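Numbering (our numbering), first residue to last: 376 to 902. In this text, a Cβ means the ideal position worked out from N, Cα and C, and glycines have one as well. The structure presented is a predicted model; accordingly, all values stated were derived computationally and were not measured.
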Ligand SMILES: [Zn+2]
């Protein structure tokens, strides 16, 4: 029954965004899409087309992006009760959307039909069939998500099967069984999945979508695949509402390395750690050091005996080779700090870095990471660091001084003014600007000083500003880390600053962001 190919379907950008405090701009979501595409994820669900301005903007941006191998999916619901499919606004938006794949969610559980949607069982079957048929008629590949499948299955398995059969008969290429409440245990998922496969036959592929409420989301996904499912839906790092979704970052290596399924190219699998950390950083979350497979501690050996045994033979205390997923045996602080990856990043950016340069860059990266820098989401600062090591770095300007004043008035008004003195191309500029806050005022004053000699600076826009307090035990007290995202309308890049002083940290990130815009560019595919 085992299918050798298993497709991975990422829903970080929709279901993952239901998690507490999760919010990404359209530009950040585009970066996530590229990272997932680079990892080899086959299907990337971007959201509801036409449901809110942010998602509309995202689909417009994605329509213009070139992806390596992934297909973009748009998400929607079966038609509303009493509305013909071809008049349902949600389905019309799906039909109009550029995405070649439509994922439709519909009801399977009688409890929901009675208590939530108040739709009869027959009407629900018609809603499923007509909605799938409508999307097929609009030229879309259709994945049908059977919401609450396993709860429905336990209550009335005949009706649950009728629902998935309605979707399959109407042309859905895949029927995904959802453990929406995360209530199921592995034996229940295995049972339901194999019964659906036996009922539908080989023409329709079956997928699995689980939540982690009983801490079985990964195990449930794996048993479903062992039962014959050919598609797994999940999110990066298990992000999602309540206790999260199935974690694709753990499912992928388990299926591929432990069970021998064909999921992604092995050359892509080594990006697993980097992708997990990058997407956490984009979501403004610290990568979890204890996360299986990709955490900093996943292959860390503390005890002297363990460490000695591991150096004699890693199998003694390791469940797999860390390098297969791009992790390391807790020797390197960062996956970016390997000599090979430093040299290949330098080559990618057109920087000539010899062995000595690479070695001293690694020392610098380690020293800075110890102080709280993290370069996963700060590609621009990373590249500038390499340029400085290679000696090919031309500063855009030289700072003489800056001063920022924030004044709070009795009437509640707050005003901020920045004064800056810099040298650009041998000439001194003194500029003052007001802003909505200290960083905004500094940004305006600095741009004003640079613009006479570099008018292109007007095209560079700060698109995102994220501040995190790091209280890791570095012996130096709490420090502030600032991540800035910038764009010139074509490309976007991230920069970082770290300091005990939030304005200094912001300044550092701001300078890197503007400096980067003026560095010679090699075309870098994975930005
Ligand atoms: Zn879900």
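- Within a 10 Å sphere around the beta-carbon of residue 688 sit fewer than 16 other beta-carbons, which makes this residue exposed.
- Here residue 867 carries a strand assignment [DSSP, helix/strand/coil].
- Contact holds between the stretch 873-889 and the stretch 747-758, because three or more Cβ pairs, one in each stretch, are under 8 Å apart.
- Cβ contact annotation for residue 764 (same chain, cutoff 6 Å, sequence separation greater than five): 732, 735 and 736, in chain order.
- In chain order, 697 place their CB closer than 6 Å to the CB of residue 703, counting only its own chain and leaving out the 5 sequence neighbours on each side.
- Within its own chain, the residues whose Cβ lies closer than 6 Å to the Cβ of residue 836, once the five positions on either side in sequence are excluded, are 862, listed in chain order.
- For residue 435, DSSP assigns no beta-bridge partner whatsoever.
- In chain order, 378, 380, 381, 382, 549, 580, 581 and 582 place their CB closer than 8 Å to the CB of residue 605, counting only its own chain and leaving out the 5 sequence neighbours on each side.
- In the structure shown, residue 891 adopts helical secondary structure according to DSSP, grouped into three states.
- A direct Cα-to-Cα measurement between residue 416 and residue 475 gives close to 16 Å.
- Taking C-alpha positions only, residue 464 is separated from residue 868 by approximately 36 Å.
- When rounded, the separation of the alpha-carbon atoms in residue 490 and residue 789 is 51 Å.
- Here the distance from the Cβ of residue 390 to the nearest heavy atom of ligand 1 is below 7 Å.
- The beta carbon of residue 778 lies closer than 6 Å to those of 794 in the same chain, with the five residues before and after it left out.
- Taking 7 Å as the cut-off, one finds no heavy atom of ligand 1 near enough to the beta carbon of residue 453.
- For the stretch 389-432, the continuous beta strand (DSSP E) assignments of 3+ residues that do not extend past its boundaries occur at 418-422, in sequence order.
- Under the 8 Å Cβ criterion, the stretch 409-426 does not count as touching the stretch 661-675, having fewer than three qualifying pairs.
- With a contact defined as Cβ atoms closer than 8 Å, residue 433 and residue 384 miss out at about 18 Å.
- Here the alpha carbon of residue 388 sits roughly 44 Å from the alpha carbon of residue 785.
- The criterion of a C-beta distance shorter than 8 Å is not satisfied by residue 473 and residue 451.
- At a cut-off of 7 Å, the beta-carbon of residue 829 does not count as near ligand 1: no heavy atom of the ligand is closer than that.
- At the C-beta level, residue 668 and residue 716 stay beyond 8 Å of one another.
- Distances taken from the Cβ of residue 478 to the heavy atoms of ligand 1 include none shorter than 7 Å.
- Positions of the alpha helix (DSSP H) runs, each at least 4 residues long and wholly inside the stretch 496-564, are given as 496-512, 524-530 and 532-544 in order along the chain.
- Look at residue 574: its beta carbon is at least 7 Å from all of the heavy atoms in ligand 1.
- Out of 804, 828, 831 and 829, the CA that lies nearest to the CA of residue 820 is found in 804.
- Of the heavy atoms belonging to ligand 1, none sits nearer than 7 Å to the Cβ of residue 448.
- At the C-beta level, residue 639 and residue 627 come within 8 Å of one another.
- Of the candidates 469, 611, 395 and 440, 440 places its Cα closest to the Cα of residue 865.
- When the alpha-carbon of residue 402 is set against those of 413, 435 and 393, the nearest one is in 435.
- Within the chosen limit of 7 Å, ligand 1 reaches the beta carbon of residue 555 through at least one heavy atom.
- Non-local C-beta neighbours of residue 596 in its own chain, meaning closer than 7 Å and more than five positions away in sequence, comprise 583, 585, 607, 609, 621 and 626, ordered along the chain.
- For residue 783, the three-state secondary structure derived from DSSP is strand.
- Closest by C-alpha distance to residue 501, out of 542, 477, 532 and 514, is 542.
- In the DSSP secondary-structure assignment, residue 383 is bridged to 607.
- Here residue 477 really is in contact with residue 517; their C-beta atoms are around 5 Å apart, less than 8 Å.
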